[in-house]
Amino acid sequence: MLRAGFIGAGPRARSAHYPAVHRLPEVEMAGICELDEQRMREMSELYAIKHSYSDHRQLLDEVDPDIIYCVMNEKWLLEPAMACVQAGKHLFIEKPPGA
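Per the working numbering, residue 10 is the first one in the sequence shown, and the count goes up by one each step.
Written out as structure tokens, the structure is:
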């Protein structure tokens with residue numbers, strides 16, 4: 010079973026990415042990182058995500074996911090994406106990195 014972590018829980022993540030991953034029987038939705046407490050709580054409850062954080066580094070360290078879905082506005086993408094790469098994680102980025 011693959012362990013997936015999510016950074017971001019905005020509209021696109023909520024409408025497309027979370028539901029799609031939830032349908033994959035071989036993937037556990039293991040952790041979420043989101044700055045908006047309400048969005049983080051809603052997604053954690055809806056998808057039974059056990060670990061929730063406001064700091065992506067804590068998600069990487071404590072959950073140790075196999076893959077990270079980095080689904081956020083491109084303005085804030087670089088630092089979390091680079092942290093995932095440096096941690097040796099497989100990374101899915103919703104937008105082209107050069108957007």
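Where is the CB? At the ideal position from N, CA and C, for every residue including glycine.
Excluding the 5 residues flanking it on each side, SER53 has same chain C-beta neighbours closer than 7 Å at ILE41 and SER61, in chain order. Taking C-alpha positions only, PRO89 is separated from PHE101 by approximately 12 Å.
C-alpha of VAL30 to C-alpha of VAL36: approximately 7 Å in a straight line. Of the candidates MET38, LEU33, GLY19 and LYS104, the residue whose Cα lies closest to the Cα of ASP45 is GLY19.
A direct Cα-Cα distance of roughly 14 Å separates ALA57 from PRO34.
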